[in-house]
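One structure below.
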Amino acid sequence: MQQYTDLVKHVLENGVRKGDRTGTGTLSVFGYQMRFDLSEGFPLVTTKKIHLRSIIHELLWFLKGDTNIHYLQENGVTIWDEWADEDGNLGSVYGAQWRSWKTGDGETVDQISNLIEQIKKSPDSRRLIVSAWNVGEIDKMALPPCHTMFQFYVAEGKLSCQLYQRSADIGLGVPFNIASYALLLAMVAQVTNLEVGEFVHTFGDAHIYSNHEEALKEQITREPYPLPRLELNKNIKDIFEFAYDDIQILDYQYHPLIKLPVAV
106 MQQYTDLVKH VLENGVRKGD RTGTGTLSVF GYQMRFDLSE GFPLVTTKKI
156 HLRSIIHELL WFLKGDTNIH YLQENGVTIW DEWADEDGNL GSVYGAQWRS
206 WKTGDGETVD QISNLIEQIK KSPDSRRLIV SAWNVGEIDK MALPPCHTMF
256 QFYVAEGKLS CQLYQRSADI GLGVPFNIAS YALLLAMVAQ VTNLEVGEFV
306 HTFGDAHIYS NHEEALKEQI TREPYPLPRL ELNKNIKDIF EFAYDDIQIL
356 DYQYHPLIKL PVAV
């Protein structure tokens, strides 16, 4: 997937040295954008093996509105373990904001349900937005949202999505984020009777952790394989009815896994 390789090269060549919350140190750029035409294949990094189970279950977990890691652990997904408390709770993270955003008058807003309804009723709306950045609850989150908000766009029968990501861990997080939002786009397109268009990925602080640099230099020497294909169960018409077995990634070829440490 050339877009990802180009991002890595751009940061390695143009990034500035910065400190960070974790104390690890980063090579960072501010402002970058990638575009993926989903008709060309599913945008999953092929220059190393990506753990598909984690991507799929995490997205389903978000859509459930869940904020406890028990569901993830039951399905062999450990990517949130470092941030959970002893009971598995993460506070008001993504699932809570997507499905039950708290308003000032004590009500809650189901942003995902509202989004689906608005795409169906008002596809030309410029308000097809979901935000996870709830300023009033940032201090109640184990980790403030890195992928902050996303907007959908309908044109000529195709659905596109743009994600704004305030903080992007290029080595570990970004391959997951690309695939997760491409999958979300395809799921929303199916339940709104639209074709898939583009996924546009816009970054604020895009960074490579100092202890990831050498591994990423090796990774970008690998020749990308053709993109895999995404196949969804066509019988699913409600986004909240998707289950793991309804989502298939086919013809995924990949280079060997590259292990990278997590900065907590």
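Just so you know, we're using this note's numbering here: the sequence shown kicks off at 106 and counts up by one.
Heads up, the beta-carbon is just placed ideally off N, CA and C, and yes, glycines get one too.
Computed from a predicted structure; not experimentally measured.
Here's the rule: buried if 16 or more other CB atoms are within 10 angstroms of the residue's CB, otherwise exposed. What is Tyr314?
It counts as buried.
Answer yes or no: do Lys114 and Ile325 have a C-beta to C-beta separation smaller than 8 Å?
Contact: yes.
Exposed or buried, what is Pro366 when buried is set at 16 or more other beta-carbons lying within 10 Å of its beta-carbon?
By the 10 Å Cβ count, Pro366 comes out exposed.
In the DSSP assignment, the beta strand (DSSP E) including Ser218 goes from what residue to what residue?
Element bounds for Ser218: not the beta strand (DSSP E) but the alpha helix (DSSP H), 216-226.
For Ser272 and chain E, any beta-carbon pair shorter than 8 Å?
This model lacks chain E altogether; it includes just one protein chain.
Put Val113 into one of helix, strand or coil per three-state DSSP.
Correct three-state label for Val113: helix.
Can you tell me which of the three DSSP states Asn119 falls into?
Reduced to three states, the DSSP call for Asn119 is helix.
I'd like to confirm the pairing. Which residues does DSSP put opposite Lys154 in its beta bridges?
Answer is none; Lys154 lacks a bridge partner.
Under 8 Å by Cβ, that's how I've got Arg327 and Asp356 pegged, so tell me the actual separation to the nearest angstrom.
So it is not a contact: roughly 18 Å between Cβ atoms.
For Asn194, which three-state DSSP category applies?
Residue state, collapsed to three classes: strand.
Check whether the Cβ atoms of Gly170 and Trp206 lie closer than 8 Å to each other.
No, Cβ-Cβ distance for Gly170 and Trp206 is not below 8 Å.
Going by DSSP, what residue range makes up the alpha helix (DSSP H) through Phe281?
Residues 278-296.
Whole-angstrom Cβ separation of Ser285 and Leu143, contact assumed at under 8 Å?
Contact flag wrong, Cβ pair sits at about 13 Å.
Tell me the residue span of the beta strand (DSSP E) that contains Glu318.
Looking at the DSSP string, Glu318 is not in any beta strand (DSSP E); the run it does join, the alpha helix (DSSP H), is 318-324.
Please report how far the alpha carbon of Tyr258 lies from the alpha carbon of Val150, in whole angstroms.
Each residue's alpha carbon lies about 25 Å from the other.
Let's test the definition: count the other Cβ atoms within 10 Å of the Cβ of Gln138 and tell me whether it reaches 16, buried, or not, exposed.
With fewer than 16 Cβ atoms within 10 Å of its Cβ, Gln138 is classed as exposed.
Report the rounded CA-to-CA distance for Thr307 versus Val301, giving the unit in angstroms.
Rounded to whole angstroms, Thr307 to Val301 spans 18 Å at the Cα level.
Buried or exposed, going by whether 16 or more other CB atoms sit within 10 Å of the CB of Pro361?
It counts as exposed.
State the start and end residues of the unbroken beta strand (DSSP E) segment that holds Tyr258.
Per DSSP, Tyr258 belongs to the beta strand (DSSP E) from 252-260.
In three-state DSSP terms, what is Val134?
Here Val134 sits in strand by DSSP.
CB-CB under 7 Å to Ala166, same chain, minus the five flanking residues each way: which ones, in chain order?
One point to set straight first is that residue 166 is Trp, not Ala, in the sequence displayed. So the qualifying residues of the chain are Tyr176, Leu177, Gly200.
Can you find the residues in the same chain that come closer than 6 Å, C-beta to C-beta, to Leu277, ignoring five residues on each side of it along the sequence?
Excluding residues within five positions, the ones whose Cβ falls inside 6 Å are Leu365.
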